[in-house]
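Participant: Chains A and B, in that order, give the protein sequences. Taken in order, the first sequence gives residues 13 to 127; the numbers are from this note's numbering. Taken in order, the second sequence gives residues 325 to 439; the numbers are from this note's numbering. Even for Gly, the Cβ is constructed at its ideal location relative to N, Cα and C. First the structure, which I've put down as structure tokens, then a few questions once you've had a look.
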Amino acid sequence: AQKITQTQPGMFVQEKEAVTLDCTYDTSDQSYGLFWYKQPSSGEMIFLIYQGSYDEQNATEGRYSLNFQKARKSANLVISASQLGDSAMYFCAMRERNAGNMLTFGGGTRLMVKP
Amino acid sequence: NAGVTQTPKFQVLKTGQSMTLQCAQDMNHNSMYWYRQDPGMGLRLIYYSASEGTTDKGEVPNGYNVSRLNKREFSLRLESAAPSQTSVYFCASSEALDRVNQPQHFGDGTRLSIL
């Protein structure tokens, strides 16, 4: 079974609007961490935001926030006030304690911001 | 702010040739990783090194070897390159392997084509 599922291969959003990128995960571990990375067309992987399984509050980092619904096993990334520079691939990833804390990636979502 | 540095950035090889991808980090991290990213997919772990002096196989280790030269450097070697190894290779590092909340920081990647 897929550990991390990103069901949106591609999305468009209008500049200045908010957008939600979906991520669902599968784990039986109690201790795990969820990460989002951005990969622009230049290719580098940029760490955006982290949410721990025991965190009671949703993580926020500037314009990025994570909508964490533990019972549903979802960790959606919300980008507020989209900018043209947000156009990129976005990857959700998970580290599980019982899996040696290895990072497992989803297939990614390509976000395109329209002017 | 070098972070994780990978060399080379691009390489073209012929089938059967060997080469070594170099990676160095200046963040004093204990753990280092090698991933490959195939078109339209997330990253898959090839090998990792939890700490200086140790290396372990990841999800897709066949056809690769690694060396943790010292705390800073972690190299990936292709002994006899095959077209199936055409990919983008990423090196990453994190403070430690034993906590789920540690993000991994990535280099800019090496685009490797094998003809």
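Can you list the residues of chain B that R109/A reaches, using a CB-CB cut of under 7 angstroms?
Facilitator: V424
Participant: What does G74/A reach in chain B if we use C-beta pairs closer than 9 angstroms?
Facilitator: Within chain B, no residue comes near G74/A; the closest Cβ sits about 16 angstroms away, beyond 9 angstroms.
Participant: For A87/A, which of helix, strand or coil comes out of DSSP?
Facilitator: strand
Participant: So is I58/A buried or exposed if we call it buried at 16+ other beta carbons inside 10 Å?
Facilitator: exposed
Participant: If you count every other CB in all the chains shown that lies within 10 Å of the CB of E108/A, and 16 or more means buried, which is it?
Facilitator: buried
Participant: Less than 6 angstroms between C-beta atoms, sequence neighbours within five positions excluded: which residues of the same chain meet that for M101/A?
Facilitator: Contacts found: Q51, G120 and R122.
Participant: Looking at the C-beta of S40/A, does it have a partner C-beta in chain B at a distance below 8 angstroms?
Facilitator: no
Participant: Tell me which residues share the same chain as N354/B and place their Cβ nearer than 6 angstroms to its Cβ, disregarding the 5 neighbours each side in the sequence.
Facilitator: S375 and A420
Participant: Identify whether A111/A lies in helix, strand or coil by the three-state DSSP scheme.
Facilitator: helix
Participant: For the stretch 53–80 of chain A, which residues have a beta carbon sitting closer than 7 angstroms to at least one beta carbon of chain B?
Facilitator: G55, E56, M57, F59, Y62 and G64
Participant: When DSSP labels each residue in this structure, what does Q335/B get in the three-state scheme?
Facilitator: Of the three classes helix, strand and coil, the one that applies to Q335/B here is strand, per DSSP.
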